[in-house]
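Working notes, structure below.
In this note's numbering, the protein residues as written are 17 to 121.
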């Protein structure tokens, strides 16, 4: 079992490893601990990636343009997610430091 402190880090690592179904489970656990709004984008991206990886359609020229547009959207979301994850991890570390400092006083 993963310590609550490590749920987000574990989910992020799994996502970067393209293990989207496993990452989704950890993001959902994080949502229960920290609030679903905190990981809503992460969960959405995992679901998109899972769906995208399960389907391997034969593309004709019309489908190719739509898929390219979808990929640009997903790429933009992933960049935003990466930035959000970095901030979330930094905020979490700061919160934990403040908790420890409060206990030490």
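Yeah, the Cβ is synthetic: ideal placement off N, Cα and C, and Gly gets one too. If you're wondering where the values come from, they're calculated on a predicted model, not measured in any experiment.
Counting along the chain, where does the alpha helix (DSSP H) carrying residue i start and finish?
i	result
residue 40	36 to 50
residue 25	23 to 32
Excluding the 5 residues flanking residue i on each side, which residues of the same chain have their C-beta closer than 6 Å to its C-beta?
i	result
residue 36	62, 65 and 66
residue 59	43
residue 31	39
residue 45	23
By Cβ distance below 7 Å, which residues in the same chain neighbour residue i in space, the five residues on each side in sequence not counted?
i	result
residue 108	24
residue 97	57, 58 and 61
Leaving out the 5 sequence neighbours to the left and right, which residues in its chain are closer than 8 Å to residue i when beta-carbon positions are compared?
i	result
residue 105	24, 25 and 28
residue 101	24, 28 and 58
With DSSP as the reference, label residue i as helix, strand or coil.
i	result
residue 67	helix
Counting beta carbon pairs with one atom in the region 87 to 96 and one in the region 43 to 50, are three or more of them shorter than 8 Å? Too few Cβ pairs lie closer than 8 Å, so no.
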